[in-house]
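Here's the structure, in structure tokens; my notes come after.
In the working numbering, the protein residues as written are 4 to 455.
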């Protein structure tokens with residue numbers, strides 16, 4: 004992979020004592036961003052971790068020195084540097100004076116999408132999910148270049164904050180022959196998306212950071228018109244979109260359905276279930292777990308249906324090695340549909356496994372309690388009434404004993420508030436392979452049903 008980052012063009016706009024330190028730094032190619040906050044020491048954030056750049060404290064003059072050398076800040080408090088991909092964001096006080104700057108390094112890295120080239124050639128609409136800073140914008144910039152230069156398609160980039168093609172009227176070479184439409188105000192992004200389709204006859208539209216209901220609706224309308232969409236949004240996994248009402252339309256939306264008694268009995272489910280409402284605007288979803296590890300949902304329609312029903316679904320995990328070879332593995336994912344309904348309605352976590360992360364249950368973990376029937380289950384109770392747990396377990400067919408030692412336990416039952424506050428307990432449970440169940444009054448019945 005080749006990179007083009009123009010780091011010197013950013014550094015020449017920073018105070019001299021920061022420039023000197025970065026120029027001589029051995030890891031400057033791993034630099035993510037530089038943070039300048041009033042009254043604090045300047046800090047550089049690398050992929051390996053943060054590091055102070057100087058003993059000197061940032062003053063008003065240092066902030067003024069930088070802001071006078073860059074473009075004006077837009078209504079979303081972002082600015083850029085002419086003909087580069089760098090982004091400078093500001094923090095303001097109550098008087099709207101700038102008290103902090105975040106200088107984020109923009110890089111055009113060629114070859115980053117070699118492991119998903121087949122998805123681009125399939126002409127499917129692709130949605131990219133990932134946490135902030137994982138590299139979503141870099142990926143769609145390279146997608147725009149490949150689609151326009153190598154596949155010779157008509158590509159329009161809707162560039163809301165000038166992050167994709169740089170802060171200039173002349174687009175950065177990182178997007179190739181793709182055309183760029185700038186957005187005057189962030190809240191007008193959905194209008195520019197529709198204007199791009201109606202006025203410029205694109206085959207592909209590239210959109211960064213779809214975040215509102217209007218933008219999701221515009222994306223669905225564009226997909227209905229037969230235009231290929233490439234978009235990004237914040238989120239760790241597909242379940243995050245299901246639980247995010249403004250963005251759920253991107254994957255077809257969800258609705259509550261009440262089944263008849265006969266139908267519920269035939270399906271073996273509750274009478275009230277959630278189902279996908281319509282056809283997804285995006286046919287493929289890529290979860291950026293790490294910069295080189297991506298989870299691929301090649302058929303979003305099937306993945307969403309399986310997740311809502313709590314069935315087993317198979318996803319692809321692609322890993323780009325240091326030798327630029329792609330390793331493809333298939334993983335089984337499974338979620339508890341009853342738990343998902345509870346989270347959608349109450350916005351509470353009914354299950355806690357491996358810390359606070361949302362992790363779908365594998366088949367092995369789902370059948371864990373079923374294998375305990377006929378065996379002694381050793382329970383450690385944390386933050387809950389032991390008598391309540393004892394009364395609940397007496398209604399099951401599982402032999403159990405209560406213990407006061409985590410090392411002897413096979414499962415932990417606890418309240419979500421107490422579990423979230425005790426990181427040491429989570430570490431001990433992980434070391435001893437002890438399963439954790441987070442119990443509230445709203446999910447006692449579901450656990451009884453699961454155990455029974």
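Even glycine gets a Cβ: it sits at the ideal position worked out from N, Cα and C.
Sub-8 Å separation of residue 211 and residue 163 beta-carbons: Your numbering for residue 211 matches position 208 in the chain shown. Your numbering for residue 163 matches position 160 in the chain shown. Their beta carbons are under 8 Å apart, which means residue 211 touches residue 163 by this criterion.
Beta carbon of residue 308 nearer than 8 Å to that of residue 270: As a first step, residue 308 is located in the chain shown; it is residue number 305 there, counting from the start. As a first step, residue 270 is located in the chain shown; it is residue number 267 there, counting from the start. Contact flag unset, no.
Does the stretch 86–106 come close enough to the stretch 51–71 to have 3 or more Cβ pairs within less than 8 Å? yes
Taking 8 Å as the cut-off, does the stretch 74–92 touch the stretch 118–135 (at least 3 CB pairs, one atom from each stretch)? no
Run the CB neighbour count on residue 144, radius 10 Å, all protein chains shown included, and call it buried at 16 or more, exposed below. Taking the chain shown and counting its residues from 1, the one referred to as residue 144 is at position 141. Buried, since its Cβ has 16 or more Cβ neighbours within 10 Å.
Assigned secondary structure, residue 126 (DSSP; H/G/I helix, E/B strand, else coil): Here residue 126 refers to the residue found at position 123 of the chain shown. It is coil, neither helix nor strand.
Please classify residue 20 as buried or exposed, where buried requires at least 16 other C-beta atoms within 10 Å of its C-beta. As a working mapping, residue 20 is identified with position 17 in the chain shown. Residue 20 should be labelled exposed.
Is DSSP giving residue 206 helix, strand or coil here? Position 203 of the chain shown, counted from the first residue, corresponds to residue 206. In the structure shown, residue 206 sits in coil (DSSP, three-state: anything other than H, G, I, E or B).
Check whether the Cβ atoms of residue 80 and residue 93 lie closer than 8 Å to each other. To locate residue 80, count along the chain shown from 1; it is residue 77. To locate residue 93, count along the chain shown from 1; it is residue 90. Yes, these two residues count as a Cβ contact at 8 Å.
Provide the residue(s) that pair with residue 294 in DSSP beta bridges, ordered along the chain. To locate residue 294, count along the chain shown from 1; it is residue 291. Per DSSP, none; premise fails for residue 294.
Can the beta-carbon of residue 39 be found less than 8 Å from the beta-carbon of residue 61? Counting from one through the chain shown, the residue named residue 39 turns up at place 36. Counting from one through the chain shown, the residue named residue 61 turns up at place 58. Result yes, Cβ atoms of residue 39 and residue 61 sit closer than 8 Å.
Per DSSP, residue 184 forms a beta bridge with which residues? Numbered from its first residue, the chain shown carries residue 184 at position 181. The partner list for residue 184 (beta bridge, DSSP) reads 161.
Are the stretch 165–174 and the stretch 37–53 in contact at 8 Å, needing three or more beta carbon pairs? no
Mind checking whether residue 196 and residue 208 have CB atoms under 8 Å apart? For the purposes of this step, residue 196 is taken as the residue at position 193 of the chain shown. For the purposes of this step, residue 208 is taken as the residue at position 205 of the chain shown. Result yes, Cβ atoms of residue 196 and residue 208 sit closer than 8 Å.
Who are the Cβ neighbours of residue 203 in its own chain at under 6 Å, not counting the five residues just before and after it? Position 200 of the chain shown holds residue 203. Closer than 6 Å at the Cβ level, and outside the excluded window around residue 203, lie 159.
Terminal residues of the continuous beta strand (DSSP E) containing residue 389? In the chain shown, the residue the question calls residue 389 occupies position 386. Run containing residue 389: none in the beta strand (DSSP E); it sits in the alpha helix (DSSP H), 389–397.
Among the residues of its own chain, which have a CB less than 8 Å from the CB of residue 306, if the five just before and after it don't count? One-based indexing of the chain shown puts residue 306 at position 303. 241, 288, 300, 316, 318, listed in sequence order.
My parser needs the alpha helix (DSSP H) runs of 4 or more residues fully inside the stretch 82–155; what are they? 120–124, 139–148
Buried or exposed: where does residue 235 fall if 16 or more other Cβ atoms within 10 Å of its Cβ makes it buried? One-based indexing of the chain shown puts residue 235 at position 232. Looking at its Cβ environment, which holds 16 or more other Cβ atoms inside 10 Å, residue 235 is buried.
Beta carbon of residue 221, beta carbon of residue 193: below 8 Å? Along the chain shown, one-based indexing puts residue 221 at 218. Along the chain shown, one-based indexing puts residue 193 at 190. Cβ atoms of residue 221 and residue 193: closer than 8 Å.
Look at the alpha carbon of residue 34 and the alpha carbon of residue 88, and state the distance between them as a whole number of angstroms. Locating residue 34 in the chain shown gives position 31, where the first residue counts as 1. Locating residue 88 in the chain shown gives position 85, where the first residue counts as 1. C-alpha separation (whole angstroms): 14 Å.
Locate the beta strand (DSSP E) running through residue 278, then write down its first and last residues. As a working mapping, residue 278 is identified with position 275 in the chain shown. It spans 275–279 - the beta strand (DSSP E) in which residue 278 sits, taken as one unbroken run.
Straight-line CA distance for residue 421 to residue 215? For the purposes of this step, residue 421 is taken as the residue at position 418 of the chain shown. For the purposes of this step, residue 215 is taken as the residue at position 212 of the chain shown. Approximately 34 Å between the Cα atoms of the pair.
Using the rule of at least 16 other Cβ atoms within 10 Å of the residue's Cβ for burial, across every protein chain shown, is residue 393 buried or exposed? Your numbering for residue 393 matches position 390 in the chain shown. Flag for residue 393 reads exposed.
Would you mind sorting residue 187 into buried or exposed? The rule is 16 or more other CB atoms within 10 Å of its CB. To locate residue 187, count along the chain shown from 1; it is residue 184. That one is exposed.
Using CA coordinates, which residue listed in 200, 213, 76 is at the minimum distance from residue 230? Along the chain shown, read from residue 1 onward, the residue named residue 230 stands at position 227. Residue 200 is the option with its Cα nearest to residue 230.
Please go through the same chain and pick out, in chain order, the residues whose beta-carbon is closer than 6 Å to the beta-carbon of residue 46, but skip the five residues on each side of it. Position 43 of the chain shown, counted from the first residue, corresponds to residue 46. Hits under 6 Å: 38, 53, 55.
Reducing DSSP to helix, strand and coil, say where residue 33 ends up. Counted from its first residue, the chain shown places residue 33 at position 30. Here residue 33 sits in helix by DSSP.
Are residue 320 and residue 298 closer than 8 Å when you measure CB to CB? Counted from its first residue, the chain shown places residue 320 at position 317. Counted from its first residue, the chain shown places residue 298 at position 295. Yes, the Cβ-Cβ distance between residue 320 and residue 298 is below 8 Å.
Using a Cβ-Cβ cutoff of less than 8 Å, which residues in the same chain neighbour residue 437 once the five nearest sequence positions on both sides are dropped? In the chain shown, counting from the first residue as 1, residue 437 sits at position 434. Here the set comprises 383, 409, 412, 413, 414, 415, 431.
Buried or exposed (CB count within 10 angstroms, at least 16 for buried), residue 97: On the chain shown, position 94 is the one that residue 97 refers to. That one is exposed.
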